[in-house]
Structure formats: C-alpha cells, structure tokens
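Q:
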Amino acid sequence: MTEKLFYEDSYMQTFEADVLACERFDDNYKVELDKTAFFPEGGGQSGDRGFLNGIAVSDTWERDGIVYHIINQPISPGTRVSGEIDFKERFSKMQQHTGEHIISGIVCRRFGYNNVGFHLGSEVVTMDFDGGLNEDELSEIEFQANEIASSNRKVEISYPVKEDLIKMEYRSKIEIEGQVRIVTIPGVDVCACCAPHVKYTGEIGIIKIVDAQKYKGGTRVSMLCGFRALNDYRTKERNINQISVFLSAKPELAAEAVVRQKEELQLLKDRLIYFQGKYIEDKVDRTPAGEEEKAGMLLFEEDLDSNMMRKYVNLASAKTDGICGCFVGNDQNGYRYVLGSEKLDVRKISAQMNRDLEGKGGGKPVMVQGSVNGTKEQILEVIRRALSDF
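Its first residue numbered 1, the sequence shown is counted upward by one per residue in full-length UniProt numbering.
(1) Going by DSSP, what residues sit across from I209 in a beta bridge?
(2) Please state if the CB of A149 and the CB of G202 are separated by a distance shorter than 8 angstroms.
(3) Quick one: residues in its chain with C-beta nearer than 8 angstroms to the C-beta of M12, no 5 flanking neighbours on either side, listed in chain order?
(4) Let me check understanding here. Comparing Cα to Cα, which of F143, V124 and G117 lies closest to G131?
(5) Nearest by alpha-carbon distance to S92: which of G54, G47, C108 and E135 is it?
(6) Tell me whether D282 sits in a helix, a strand or coil according to DSSP, three-state version.
(7) Assuming S371 contacts G362 (C-beta within less than 8 angstroms), just tell me the rounded distance between them.
(8) Buried or exposed: where does Q45 fall if 16 or more other Cβ atoms within 10 Å of its Cβ makes it buried?
(9) So, with DSSP's three-state summary, where would you put G99?
(10) Could you check whether V124 and S76 sit closer than 8 angstroms to each other, using their CB atoms as the reference points?
(11) What residue range is occupied by the uninterrupted alpha helix (DSSP H) comprising residue 398?
(12) Buried or exposed, going by whether 16 or more other CB atoms sit within 10 Å of the CB of K30?
(13) First and last residue of the beta strand (DSSP E) that includes V19?
(14) Helix, strand or coil for C194, going by three-state DSSP, please let me know.
(15) Taking a contact to mean a Cβ-Cβ separation below 8 angstroms, would you say I157 touches I102 in this structure?
(16) Rounded to the nearest angstrom, what separates E147 and C225 at their Cα positions?
(17) Once DSSP output is grouped into helix, strand and coil, what is the label at T126?
(18) Just verifying my parser: in three-state terms, what is the DSSP assignment at M168?
(19) State the Cα-Cα distance for the pair A192 and Q213, rounded to the nearest angstrom.
(20) Here's the rule: buried if 16 or more other CB atoms are within 10 angstroms of the residue's CB, otherwise exposed. What is F39?
(21) Where residue 456 and F275 are concerned, what is the direct C-alpha to C-alpha distance, given to the nearest angstrom?
(22) Using the Cα positions of residue 394 and M168, report the straight-line distance between them to the nearest angstrom.
(23) CB V57 to CB G65, shorter than 8 angstroms?
(24) Helix or strand or just coil, what does DSSP make of Q73?
(25) Assuming N241 and Y200 make a contact with CB atoms under 8 angstroms, what is their CB distance in whole Å?
(26) Compare the Cα-Cα distances from T14 to each of R24, R90, N72 and D27 and report the closest residue.
(27) Quick one, which of V259, E163 and C194 has its alpha-carbon nearest E41's?
(28) If we call anything under 8 angstroms between Cβ atoms a contact, is V155 one with R171?
(29) Specify the secondary structure class of T201 as computed by DSSP and reduced to three states.
(30) Taking three-plus beta-carbon pairs below 8 angstroms as touching, is the stretch 372-386 in contact with the stretch 333-348?
(31) Please classify C2 as buried or exposed, where buried requires at least 16 neighbouring CB atoms within 10 angstroms.
(32) Name the two residues that bound the continuous beta strand (DSSP E) containing V338.
(33) Rounded to whole angstroms, what's the CA-CA distance from G277 to E358? Just pull it up for me.
(34) Could you tell me the distance, in whole angstroms, from the CA atom of R80 to the CA atom of P196?
(35) With H, G and I counted as helix, E and B as strand and the rest as coil, what does DSSP make of residue 391?
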C-alpha cells in the first residue's frame, strides 16, 4: 500500500520518497514509491503529472492500493527520490472538482437530480444529471454557485466510522468498500470523494456553465472554474471585440449586427441564385442542340455551383436526346462536371474519363457527376471517342 500524502495535504508540491519497485510498462516504466503526493487517475479525474528526480511523470494510476508513476526511464529500487507535482495543473483540477461539488449539490438539493456521470477533462468539466434543466434553471444554478464560492466556506474533509456513516445522507455514485472519505461544503453538499479539493470555496474563483445539452434522458452540463473560466472569458472577449470592429458595432450589439449581416448575405445569395438561373436558361436557349462535337449540348464555365450545373444538364436534356454536360473549372486545375442524357447511358462516358483523365465520379444512367484532371480539348476528345461506341 502506498502512503497517500495528498490526503494529508492537497497543497503539497514536493516530497521525498523511496523507490520500492520499477518495472517495464509498454515503452515506459512504472514506479512504486513508499509514499506519494501524486493523485492517481480515478473518479473521473486524470492522474497528476510532475517529476521524480527530474524525470517527467506522464501519468499516475492506482491498482490494489498501490500508486504507479509512469516515467520514460528506470529508477533503481532503493533510490531516494524527490517528487515534484505539476501544481498549476493540480490546483486547476482542485478548483474544477470543488466547483463540480457545488453545482451537483445545488442540483441535488434544488431539483432532486443525481449526478450520474462526471469527467474532469483537460479543457472542460462535464456533469451528467438524470433530469432536465432549462436555460433559466441553469442560470439560477450558476448564480447560486458563484454566491457560494464567494462566501468562502470551508471545505471539510472527514472519515466517519461505519456507524456514523450509515446515519449520514451523502452523494455517492458507487458502492465504496473500506474507509469512506466525505467532502462537505456546509449547506451545499455532502459527497463521498477521493480527490484533492481546495480548502475554501473562495479559491475556486468564478464558476461558469459554458454548455448544456440533452443527454440520455437528462442533461449534460459543461463547466469551467477559476483560471480556466478566466481564459475562456479572455478568448471570447477577444473574439467578440474583433467581430464588433469588423461590423462597426458595439460589443454588446455584435450579435444583432451578425444577424443583420447574415440576413443581408442571404438576400445577396438569393439574388445570385436567381441571376445564375436566368444565365443558365439563357445559355440553354442560345445553344443549338448538337452544335458542339455532335455531343448534344456541352457548357464550359469558370465558376458555377453544383445546383446550377445540374439545372443546365436537366434543361439541356429536355432539348436534345444527345449527351448534355456542364464542366466547371479550367485547364490548369481540372474540371468538375455533371453529365446527363434522357436516351444514353452516361455512365460509360464517366468511366472513360475516369480511365483517361484521372477522373473520379459516377452515378445513374441518366446523370453522373465527378471531376477530371484534363483540358477542355482532352475532355471533348474523350467524349468523341466514347460516343462512337453508342
């Protein structure tokens, strides 16, 4: 059994310990110490990282009471080592985890929902509750959580004996064997938890709910606390300020400006589609059937979207029984195409272009689409040869 120093002091950053064992573990080594301040992976939280005698500890996990430290080079058993925790990461996790207890405690007391899933990731904390929460309720939860954080309540750690534990009401997602560690935030939450926490709720800083989604009949809530929340705010503030400059709008009016810009853009898109459609109709009307290489009607353009390409082929196919096609691009970069015919199987031409012009594409007998790496003259030559087989 490893002596777990993080239970004695969650703020311990350095410690001394003896190496009990060091074994090969995949491409690394797992080291067992007689004592450690590294919190191992567990309960939805990743293990601590840091250093042992200057060697990077990339992960920590626990099996049968033994904490294993993963490093990339061996340390001989019996060696006295100096351990150093990546405390910046540890403290961030402490902020997030205590913040999660506050949110979960509020949800449990206020709405009667249980936290049935928890993950403290490298970027965000997610909590899964077994009931629905709407936007107003989430705002209420967030506000109350920050009131509790700012009240700077002491976070109490206790190890009740079995007789007292039976009488207690506390949150726990799993059945726990042996000694149970209880984390209490007075008036808010009582929960069985093995993770390090801050000493006072004021150390959490701001608690910010950043997302909520329906999930398995309940609600998945995403949250940031402390410096994570600060960094998130900075990023969003920088983005909104840039948007407000681009749109010549005050930051608080940026959303309205984006909506107006989107509406104006949609009007322009609608007008473009209308005039492109008229252009295609005019092209079909002005192109005599069979004029180009006796292949029905073929159109080469620099820029058209896929809908207009299909529209041209459909209109042209109604005008001629031959092959109708629309090719968009240029001789340097190749062409996208749509081919169609009401009488002929255009898959044969597509297959020929795939073979001769490094093409990709296919479809149904009456219409195919794809792309080719070739010039206009090369495309016309392939079509001429393919038509000779019909």
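Yeah, the Cβ is synthetic: ideal placement off N, Cα and C, and Gly gets one too.
A: On the basis of the supplied data:
(1) M223
(2) yes
(3) L5, F6, A37 and I85
(4) Ranking the options by Cα distance to G131, first place goes to G117.
(5) Nearest neighbour of S92 by Cα position, chosen from G54, G47, C108 and E135, turns out to be G47.
(6) It is helical.
(7) Actually they do not touch by this definition, with Cβ atoms about 11 angstroms apart.
(8) buried
(9) helix
(10) For the 8 angstroms CB-CB criterion, S76 and V124 do not form a contact.
(11) Given a span of 1 to 390 for the chain in the structure shown, any question on residue 398 remains unanswerable.
(12) That one is buried.
(13) T14 to F25
(14) coil
(15) no
(16) 14 angstroms
(17) In the structure shown, T126 sits in a strand (DSSP, three-state: E or B).
(18) coil
(19) 26 angstroms
(20) Buried is the call here.
(21) It is not possible to answer for residue 456, since the shown part of the chain is limited to 1 through 390.
(22) Any property of residue 394 remains undetermined from this structure, which presents the chain solely from 1 to 390.
(23) When the beta-carbon positions are compared, V57 and G65 stay at least 8 angstroms from each other.
(24) coil
(25) Incorrect: roughly 34 angstroms between the Cβ atoms, too far for contact.
(26) For the residues R24, R90, N72 and D27, the minimum Cα distance to T14 belongs to R90.
(27) C194
(28) no
(29) helix
(30) yes
(31) At residue 2 the sequence reads Thr, which differs from the Cys that was named. It is buried - the Cβ of T2 has at least 16 other Cβ atoms within 10 Å.
(32) G334 to G340
(33) 30 angstroms
(34) 25 angstroms
(35) Given that the chain is displayed from residue 1 to residue 390, the structure contains no residue 391 and the question cannot be resolved.
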